[in-house]
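Student: First the structure, then my questions, so here it is.
Number of protein chains: 2
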Amino acid sequence: MARTVAERSDVLPLLAEVFREHGYEGTSLSLISKATGLGKGSLYHFFPGGKEEMAGAVLAEIDGWFEAHVFRPLREADDPATAVAAMFATVAEYFRSGRRVCLVGALSLSDARDRFAGRLRDYFARWVEALAAAMGRAGHPAASAAMLAEEAVGGIQGAVVLARALDRPEVFERILAGLRARCLILEPYPT
Amino acid sequence: MARTVAERSDVLPLLAEVFREHGYEGTSLSLISKATGLGKGSLYHFFPGGKEEMAGAVLAEIDGWFEAHVFRPLREADDPATAVAAMFATVAEYFRSGRRVCLVGALSLSDARDRFAGRLRDYFARWVEALAAAMGRAGHPAASAAMLAEEAVGGIQGAVVLARALDRPEVFERILAGLRARCLILEPYPT
DNA sequence: TCTGTGGTTTACCAATCAGTACAAGAAGGC
DNA sequence: GCCTTCTTGTACTGATTGGTAAACCACAGA
Numbered sequence: 001m002a003r004t005v006a007e008r009s010d011v012l013p014l015l016a017e018v019f020r021e022h023g024y025e026g027t028s029l030s031l032i033s034k035a036t037g038l039g040k041g042s043l044y045h046f047f048p049g050g051k052e053e054m055a056g057a058v059l060a061e062i063d064g065w066f067e068a069h070v071f072r073p074l075r076e077a078d079d080p081a082t083a084v085a086a087m088f089a090t091v092a093e094y095f096r097s098g099r100r101v102c103l104v105g106a107l108s109l110s111d112a113r114d115r116f117a118g119r120l121r122d123y124f125a126r127w128v129e130a131l132a133a134a135m136g137r138a139g140h141p142a143a144s145a146a147m148l149a150e151e152a153v154g155g156i157q158g159a160v161v162l163a164r165a166l167d168r169p170e171v172f173e174r175i176l177a178g179l180r181a182r183c184l185i186l187e188p189y190p191t
Numbered sequence: 192m193a194r195t196v197a198e199r200s201d202v203l204p205l206l207a208e209v210f211r212e213h214g215y216e217g218t219s220l221s222l223i224s225k226a227t228g229l230g231k232g233s234l235y236h237f238f239p240g241g242k243e244e245m246a247g248a249v250l251a252e253i254d255g256w257f258e259a260h261v262f263r264p265l266r267e268a269d270d271p272a273t274a275v276a277a278m279f280a281t282v283a284e285y286f287r288s289g290r291r292v293c294l295v296g297a298l299s300l301s302d303a304r305d306r307f308a309g310r311l312r313d314y315f316a317r318w319v320e321a322l323a324a325a326m327g328r329a330g331h332p333a334a335s336a337a338m339l340a341e342e343a344v345g346g347i348q349g350a351v352v353l354a355r356a357l358d359r360p361e362v363f364e365r366i367l368a369g370l371r372a373r374c375l376i377l378e379p380y381p382t
């Protein structure tokens, strides 16, 4: 039979895009089959656990990508301020100015949250921690760095929501610019 | 037959809770039937358009609630600064410190966005406008008020995402406190 | 060339999906 | 009392759901 010679890792990006577009519940096996060009047999060959394993694998890949391109640079950069600025650029590109949904955020709001609770919590916790650490090294007091990091990571998620709802990508850019400015300016956190 | 004497408006809050918990795709008629105690016959009697009409009616009710309790007070309050502070309190209670999902935001991230695009855009646009207007009357320059309003409304949505993902309601409270402080302090927007 | 393994197709399953049809009961007007 | 209108339960549709089973083929190593 026609061998697609597809590897598991090859279909993950396609899979990710389907889940992003349709959510966990909205993603049916027939949609997946259409998007990947793989029949049900092949899909269950790669992912014996079915839809749940597919979503889990996608989440793991996203997590790995952010670890390599966002979290670790924040933690290990020689110049933390530059790393923070780079994070905003990387994230804006990744989310395509809000046109692309954050799957982790979307799952957090959805029914599937409980199913992946550990992974979702871990992703955001590590993001907040890495950002707070970078800002701390950049000169922010520890307390304000932690609060600012939470506000920034949450703000990015909210920017995706708002830009998508309003259908105005420039809103995403504008919010991120504001957040970046506040993360880089060293002033005491207003109380 | 046992008349439940239910009015359409009586089942809307129950319906809203089901959609919030399971999302649009994840909400099945059997779930709705269980949550409302109404059989399919009754449901299609009240909502001939099926699930889509139900979700539309829920969105309209939510929109009306926010118009009455959030948007209009912001626009018409004698003391705009107090109104802004009141908004944060109202919203925190409504979203139960992030334990309750914003259905409008969740739909914006979901597959059903296109179906309700107009309503979603309208809801957020009016929120941002009303908040910006209030902050303008409170003394913020028009430009910074508009940007701050976008950041605040987006920030609230992001706070829901983050608090749910981390399973830490205090994160929601903390972010909202920070946003409120920034909306009330009159300082030039950092650039 | 034979054979085992990894990948694929196809057919199938029971369950559930949204939606329809309709008969039947309950309530209010007369 | 009856009759109409509104509301409900039940039964049904055809399509789709996630998932299984097994026959089947391609290819690499021996």
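Protein chains in written order, with the working numbering: chain A, 1 to 191; chain B, 192 to 382. We put the beta carbon where it would ideally sit given N, CA and C, even for glycine.
(1) Using the beta-carbon of each residue, which ones in chain B are nearer than 9 Å to A/Val91?
(2) Just the Cα atoms here: how many angstroms apart are B/Arg310 and A/Cys102?
(3) How would you list, in chain order, the residues of chain B whose beta-carbon sits under 7 Å from the beta-carbon of A/Arg97?
(4) Can you pull out the residues from the segment 293–304 of chain B whose beta carbon lies closer than 9 Å to at least one beta carbon of chain A?
(5) Ordered along the chain, which non-local residues of its own chain (more than five positions away) have a Cβ less than 6 Å from that of A/Glu61?
(6) Any Cβ of chain B within less than 9 Å of the Cβ of A/Arg115?
(7) Is A/Ile175 buried or exposed, if buried means 16 or more other CB atoms sit within 10 Å of its CB?
(8) Within 9 Å of any Cβ in chain B, is that where the Cβ of A/Leu15 sits?
(9) Which residue wins for smallest C-alpha separation from A/Ala145, given the options A/Trp65, A/Val84 and A/Leu29?
(10) Please tell me whether A/Ala133 and A/Arg75 are closer than 9 Å, where the distance is taken between their beta carbons.
(11) Quick check: what's the CA-CA separation for A/Met135 versus A/Phe71?
(12) For B/Glu244, return the contacting residues in chain A, with the cut-off set at a CB-CB distance below 9 Å.
(13) Any beta carbon of chain B sitting closer than 9 Å to that of A/Phe47?
(14) Give every residue of the same chain whose Cβ lies closer than 7 Å to the Cβ of A/Ala2, excluding the five residues on either side of it in the sequence, and list them in chain order.
(15) Mind listing the chain B neighbours of A/His22? Cutoff is C-beta to C-beta under 7 Å, in chain order.
(16) Closer than 8 Å by beta-carbon distance: list the chain B residues that pair up with A/Glu170, in chain order.
(17) Is it buried or exposed for B/Ser301, if we count other Cβ within 10 angstroms and need 16 for buried?
(18) Just how far apart, CA to CA, sit B/Gly346 and B/Ala372?
(19) Can you check which of these residues, A/Pro73, A/Tyr24 and A/Gly23, is closest to A/Thr90 by C-alpha distance?
(20) Can you pull the chain B neighbours of A/Gly178, defined as C-beta to C-beta under 7 Å?
Tutor: According to the data block:
(1) The premise fails here: A/Val91 is roughly 13 Å from chain B at the closest Cβ pair, so nothing lies under 9 Å.
(2) Annotation: B/Arg310 to A/Cys102 spans about 22 Å, alpha carbon to alpha carbon.
(3) The residue you asked about is not Arg; residue 97 of chain A is Ser in the sequence shown. Going along chain B, no residue has its Cβ under 7 Å from A/Ser97, so there is no contact; the nearest lies around 13 Å.
(4) Cys293, Val295, Gly296, Ala297, Leu298, Ser299, Leu300, Ser301, Asp302, Ala303 and Arg304
(5) Leu12
(6) no
(7) buried
(8) No, because no Cβ of chain B sits closer than 9 Å to the Cβ of A/Leu15.
(9) A/Val84
(10) yes
(11) Whole-angstrom Cα-Cα distance: 13 Å.
(12) Going along chain A, no residue has its Cβ under 9 Å from B/Glu244, so there is no contact; the nearest lies around 19 Å.
(13) no
(14) Residue placement at A/Ala2 is flagged as unreliable, the pLDDT there being 49, under the threshold of 50; a coordinate-derived value is accordingly withheld.
(15) The answer, in chain order, is Asp302.
(16) Neighbours of A/Glu170 on chain B: none; closest Cβ ~10 Å, over 8 Å.
(17) buried
(18) 13 Å
(19) For the residues A/Pro73, A/Tyr24 and A/Gly23, the minimum Cα distance to A/Thr90 belongs to A/Pro73.
(20) Met338 and Glu342
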